[in-house]
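Working notes, structure below.
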Amino acid sequence: MEIVRSQSKPSGPAAVPTIPLYRSAPELEVRLEDFELFAIDRLRVLKGISDGLSRGKKPDEMEKLVSELWRANMKHSISSEVTNKDIISHFVLRLVYCRTEELRKWFLSIETTLFRYRFQRETSDVQRELMAEFELPYKAVGNVEYEGLKDKLSQVARSIGQSLPSNAVFYKVPFEEVPDLVATRKVYIQKGHAYVAMNQVVSLVVTQFRSHLSKALVLTNRKWTSMIREKESDRLTPIVEALATSYLGPDYSQPKEFTEISLKDIDQVAKSSFPLCMRHLFEKLREDHHLKHGGRMQLGLFLKGVGLTLDDALVFWKSEFSRKVGTERFDKEYAYGIRHNYGKEGKRVDYTPYSCQKIISSTPGVGDHHGCPYRHFSEENLRAALGKMGVSSRALEDVIDKARNRHYQLACTLTFEAVHNSSCDAGVNHPNQYFSDSQSILKSKGNSVA
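Below, the structure is given as structure tokens:
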């Protein structure tokens, strides 16, 4: 794989850019372990940014969030390797997210947002160095022209709650290159040119960064489909294809805080603490006394993760399935699968409950009940299911809006907050996390039954 080292040419020690522009990728050896781990760390940053944007955080809140996410996830035990980690992780995720238009669109949007906030935190000298690296064809406005426009520029500054500093620097650019500044009336326009203050040049640089990255993703996709995917089919390809839907949170293969749920309480627990995806499966199982393979896997592993023992799981599934297929057929066709999920048959693997990403990316067929309701339900069915959970009319509209805009996990998070009357700042990333957080809240109120 090709990775880049910083190509910056600083003018002095005080103006060394700390943000790689990822413009070219000379060959650099990367350990397979770092290839995946660095990408996962950066993915935590990008998904945190995506969640913040979906929640409608304000610019100052986003700036703080980006800083915290970067500091928490992109550090390295060797300080000199921090930049390499930055570069490697970007190019790995470029491979991961180049593969479909939907993936490219998400990666382009969030990487551009990350770059914007990182650029804004740099000093003016460093920002000028980064502008020079982009080779932008703009020069600072000269003194004579500046003096002639000073009053107009001061009026614009005052209109957005700022003052014109004595050493102000402006760039004269075609107005169509800063559409965000024009739309928000943050620049003075004259004869087709916008006068952009130094503290606004982020818009110019971000436009260039986005344009370059957009083209690079298309080229990377061509390389991936024509050469890399097949060439690396036994080594990198499985990692790359898994990363886009990877789960980044705690392991729920074994129950932790709540060690066991009782069969006598399972209906009550399902009503109070199951996320909608599992609640729907549970209710369909009780109603039809059967689930297809996808549903059995999704619900069965979830129940294992929340503390249903193997013995109780066999009793639970047998009591339902035997009503439809009979005891003998259950023992012959279905009991093995349950024991297999608990690592007692076959390769004896301790299987992990499905994460939100895995559930969202599934493709339920006719007669299936697994998958993510926020993605796979019709709006009418989703409204009915949310109403049944006790989501208020006002909260319900917010949930529907997020689901309509494909923010499925945020829709689930808002459902959790509405049902429990409690915030969930970390967001819902796993059905078993939903259950655990729900039980924690109920336990604090003296209502837990687990």
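By numbering that gives the first Met the number 0, the letter at position 150 of the sequence shown is numbered 149, and the numbering carries on one by one without gaps.
Note that CB positions come from ideal geometry on N, CA and C, so glycine has one too.
Looking only at C-alpha atoms, which of the options sits nearest to residue i?
{"i": "V29", "options": "N83, S79, P19 and E128", "result": "N83"}
{"i": "F208", "options": "K63, R405, F106 and D40", "result": "F106"}
{"i": "Y407", "options": "L148, S354 and S391", "result": "S354"}
{"i": "I39", "options": "R103, A71, G325 and S66", "result": "A71"}
{"i": "P274", "options": "V205, Y433 and K444", "result": "Y433"}
{"i": "C97", "options": "S360, V125, V239 and D311", "result": "V239"}
{"i": "V200", "options": "Y116, A334 and R382", "result": "Y116"}
{"i": "R184", "options": "I109, Q267, K151 and L307", "result": "K151"}
{"i": "M61", "options": "V91, L113, I159 and M197", "result": "L113"}
{"i": "L235", "options": "L212, M388, V95 and Q161", "result": "V95"}
{"i": "V217", "options": "I188, E379 and T99", "result": "T99"}
{"i": "W316", "options": "Q438, L280, K346 and G342", "result": "L280"}
{"i": "N198", "options": "T244, I18, K214 and Q161", "result": "Q161"}
{"i": "L242", "options": "A24, S23, S360 and A410", "result": "S360"}
{"i": "G465", "options": "F320, H292, Q356 and V314", "result": "Residue 465 lies beyond the range of the chain shown here (0 to 449); nothing can be said about it."}
{"i": "K227", "options": "D179, V140 and V91", "result": "Reading the sequence as shown, one finds Ile at residue 227 and not Lys. Among D179, V140 and V91, the Cα nearest to that of I227 belongs to V91."}
{"i": "N166", "options": "A182, P178, L180 and G141", "result": "G141"}
{"i": "Q189", "options": "L45, L148, R347 and S225", "result": "L148"}
{"i": "A24", "options": "A215, S78, V348 and K346", "result": "A215"}
{"i": "S202", "options": "W223, D179, T224 and H211", "result": "D179"}
Which of the three DSSP states is assigned to residue i in this structure?
{"i": "I86", "result": "helix"}
{"i": "P173", "result": "strand"}
{"i": "A243", "result": "coil"}
{"i": "I260", "result": "coil"}
{"i": "V195", "result": "strand"}
{"i": "E378", "result": "helix"}
{"i": "A71", "result": "helix"}
{"i": "Q408", "result": "helix"}
{"i": "E188", "result": "For clarity, residue 188 is Ile in the given sequence; the question names Glu instead. I188: strand per DSSP, three-state reduction."}
{"i": "A182", "result": "helix"}
{"i": "E121", "result": "coil"}
{"i": "A24", "result": "coil"}
{"i": "A139", "result": "strand"}
{"i": "L102", "result": "helix"}
{"i": "D424", "result": "coil"}
{"i": "H429", "result": "coil"}
{"i": "H289", "result": "coil"}
{"i": "E231", "result": "coil"}
{"i": "S318", "result": "helix"}
{"i": "K444", "result": "coil"}
{"i": "H368", "result": "coil"}
{"i": "D349", "result": "coil"}
{"i": "P237", "result": "helix"}
{"i": "A167", "result": "coil"}
{"i": "S252", "result": "coil"}
I'd like to know whether the C-beta atoms of residue i and residue j end up nearer to each other than 8 Å.
{"i": "S421", "j": "I399", "result": "no"}
{"i": "K230", "j": "Y194", "result": "no"}
{"i": "R338", "j": "L309", "result": "yes"}
{"i": "M296", "j": "P430", "result": "no"}
{"i": "Y335", "j": "E327", "result": "no"}
{"i": "V81", "j": "H89", "result": "no"}
{"i": "L68", "j": "I87", "result": "no"}
{"i": "S252", "j": "T351", "result": "yes"}
{"i": "A417", "j": "V390", "result": "yes"}
{"i": "K331", "j": "H288", "result": "no"}
{"i": "F118", "j": "I18", "result": "yes"}
{"i": "F169", "j": "Y145", "result": "yes"}
{"i": "L42", "j": "S213", "result": "no"}
Grab me the residues of residue i's own chain with a C-beta within less than 6 Å of its C-beta, minus the 5 sequence neighbours each way, in chain order.
{"i": "L64", "result": "G51"}
{"i": "N220", "result": "C97"}
{"i": "R93", "result": "T219"}
{"i": "D436", "result": "none"}
{"i": "A312", "result": "I337"}
{"i": "V181", "result": "F174"}
{"i": "Q126", "result": "none"}
Residues in its own chain within less than 8 Å of residue i by CB, not counting five upstream and five downstream?
{"i": "G191", "result": "P173 and F174"}
{"i": "K283", "result": "L290, G294 and H368"}
{"i": "K270", "result": "R278"}
{"i": "G386", "result": "L395"}
{"i": "L413", "result": "A394, D397, V398 and K401"}
{"i": "S158", "result": "R184"}
Taking 7 Å as the cut-off, is the CB of residue i close to at least one heavy atom of the ligand HEM?
{"i": "D40", "result": "With respect to the ligand HEM, the structure offers nothing, as it holds no ligand at all."}
Which same chain residues end up closer than 7 Å to residue i when comparing Cβ atoms and leaving out the 5 residues on each side of it in sequence?
{"i": "E35", "result": "I238"}
{"i": "N340", "result": "G299, L300, K303 and Y350"}
{"i": "P372", "result": "L275, C276, H279, L381 and A384"}
{"i": "H375", "result": "P363"}
{"i": "H419", "result": "S437 and I440"}
For a cutoff of 8 Å on Cβ pairs, would you count residue i as touching chain C?
{"i": "S225", "result": "Annotation note: the requested chain C is absent from the structure, which comprises a single protein chain."}
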